[in-house]
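First comes the structure, then the notes that go with it.
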């Protein structure tokens, strides 16, 4: 006698969603290795000639910062590609420039080749900063979306730590080859990711969406309610057809974009990328008694640990002789605070606050804002440091970060425990809510 099939249930499994979020955030891990590349390589490349050609301090600065230009140039086009071919295949396609970038950096015969490689690495990294949070925000259920949204920043910090360790303890060629292997592994894993149900519903692929919901929530999970909610949201958007730019120019669209861009602004003017890109240089200038490479690795470890702790709470939330420890201690405190706030939260909220009608272009603008500011910060840090000294530069970063307190208090919307539809409803103006109500009444 055949065993009857288990009855459908509303109890979902979380492990498949966690696994999908980790794989999707694999691009962030690769981006982290790209970001952390320069942190340990100033002396090896500029002073010790790790390549078989000379790199000047000026060229090294461009090798470090040019990836931000590649990333900024990619974010908006990738936002449209996400809608055209889907979130999954967009992430898969981004592995191309990442693989090409590592190949160029590995096989470089002159500084220009290194810069081109770094530019391609920036293109892939910037694209993932748009596609991966979008994927996770749509794929995850509201109960664990906040937790899964922190994975992106966590994987970036792990990638940075990998670069810190490899840059300090292995030869340059081995460093690059290992990064190439990591990128190849995640390229293969992306093939097996399920596409987001929201994207599939938007393309009329209801059966595939139902199948993917069961893949993500458990084979016995009843997908009917989630499918109905996704269809209702799609019908609402069809009732008010408009292009993405027009949708973005509503009060809700501009408000959510302002919040997203504001969070990205304060993330970057905190000086985080100056710290990551030039960690060993900063420690060298501080005259610390500790080994610069060890200090850089310690900062990387602290960043990973602090981000792990923040992932757990984001959904709930001596003497003169010892002064050699002060630079390291200061940066550790900075990294911990960053990992609880401006590190994961901007990427998490990017997947939550934007309505599907303009999510792609808004995510693209947000990503472009982030990487453009990262380029500005990393490009001006060196000249400013020489002109006025490291202390005043970090006082500037501190003042700008402090001003972000008022922005977060008055402008940012709480999203904890709310579905995407609930978050977006909260942010709409009274006029926009009334228009939605009229549409519902007309259908009755």
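Numbering (our numbering), first residue to last: 14 to 457. C-beta: ideal position from N, C-alpha, C; glycine also.
Its chain contains 247 as the residues whose beta carbon lies nearer than 7 Å to that of residue 215, once the 5 sequence neighbours on both sides are disregarded; these appear in chain order. Residue 205 sits in coil when the DSSP states are folded into three classes, being neither helix nor strand. By the criterion of a C-beta distance shorter than 6 Å, residue 88 is surrounded in its chain by 139, 143, 377, 380 and 381, once the five residues flanking it on both sides are discounted. When DSSP states are grouped into helix, strand and coil, residue 66 belongs to the coil group. Below 8 Å, too few C-beta pairs join the region 62 to 73 and the region 100 to 109 to call them touching: fewer than three. Annotation for residue 38: 145, 149, 164, 165, 167 and 168 place their beta carbon closer than 8 Å to its own, counting only its chain and skipping 5 residues before and after.
Separation of residue 132 and residue 78 (C-alpha to C-alpha, rounded to the nearest whole angstrom) is 9 Å. Each of 32, 172 and 362 was checked against the Cα of residue 207, and the nearest Cα belongs to 32.
Annotation for residue 273: 363 and 379 place their beta carbon closer than 6 Å to its own, counting only its chain and skipping 5 residues before and after.
By the C-beta density criterion, residue 282 is buried, having at least 16 other C-beta atoms within 10 angstroms.
Just so you know, the alpha carbons of residue 81 and residue 275 end up roughly 18 Å apart. With a cut-off of 8 Å on Cβ pairs, the region 357 to 373 is not in contact with the region 47 to 55, counting fewer than three such pairs.
The alpha helix (DSSP H) runs of length 4 or more contained entirely in the region 116 to 197 are, from start to end of the chain, 124 to 152, 158 to 162 and 164 to 182.
Here the alpha carbons of residue 277 and residue 383 stand approximately 5 Å from one another. Taking a C-beta distance under 8 Å as the contact criterion, residue 180 and residue 54 qualify as a contact pair. Annotation: residue 355 is outside any alpha helix (DSSP H) and is labelled neither H nor E by DSSP.
Boundaries of the alpha helix (DSSP H) harbouring residue 45: 39 to 48, taken from the DSSP string. In this structure, residue 186 sits near residue 119, with a CB-CB distance shorter than 8 Å.
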